[in-house]
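Each residue of the sequence shown is one higher than the one before, starting from 1 at the first, in the working numbering.
Positions of the beta carbon are idealized from the N, C-alpha and C atoms, including for glycine.
Right, one structure below, let's go through it.
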Amino acid sequence: MAGKIDARLKELDIILPSPPAPVASYVPYVVSGNLVFISGQVTVAPDGLKYVGTVGKDLSLEDGKAAARLCAINVIAQVKAACGGDLDRVRRCVKVTVFVNAVPGFAQHPEVANGASDLFGEVFGEAGKHARAAVGAGSLPRNVACEVEAIFEIA
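Written as structure tokens, this is what we have:
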């Protein structure tokens, strides 16, 4: 039987992908005590990279938000793997950092980051509320628009 969070994902019409494998010398997550540290997740979809380019040049603010949302879906997939498949073990999304590949002078990083933050709230409810940083970057791996890393507390 699916848990409450899996049921919520289904309500939201979100299908979690198989957790993306690392592309360099790191692990996708580390569990330390009751915390799960999720490595930065980029805009990879089942059919390849999406939202490639620079926000404010190649991509719009709305594209940036959609990119952050896709990254957050990949974060949740990693959390599910870290929890042995049981997302109901998540007690809280503690901290989220969103990196935005943006043009110099871009000032709407928080709005882009809302694409990830809003999804965590939609999926986890009150437990999805978190501390956050939204950071501009001159470039990101594979020239993607966004990268999201997160820390979750689990049971």
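Selection A2, F152, I73, F106 evaluated against P17 yields I73 as nearest (Cα-Cα).
By the Cβ neighbour-count rule, S139 is exposed, with fewer than 16 other Cβ atoms within 10 Å of its own.
Comparing alpha carbon positions, the residue from A137, V144, E122 closest to G48 is V144. Under a 10 Å Cβ-count criterion, I154 is classified as buried, with 16 or more other Cβ atoms of the shown protein chains found around its own Cβ.
Around G3, the same chain offers D86, L87, D88 as residues with beta carbons nearer than 7 Å, after the five sequence neighbours per side are excluded. 8 Å or more divides the Cβ of L70 from the Cβ of K95.
Partner residues in the beta bridge of I38, as assigned by DSSP, are Y29, A150.
In the structure shown, V103 adopts coil according to DSSP, grouped into three states. Beta-bridge partners of R142 (DSSP): none assigned. The shortest C-alpha to C-alpha distance from N114 to any of V103, G105, G128 is the one to G128.
Runs of alpha helix (DSSP H) with 4 or more residues, each lying fully within the stretch 37–112, are found at 61–82, listed in chain order. A distance below 7 Å between beta-carbons, with the five flanking residues on each side excluded, links R91 to the following residues of its chain, in chain order: A127, E153, I154, A155.
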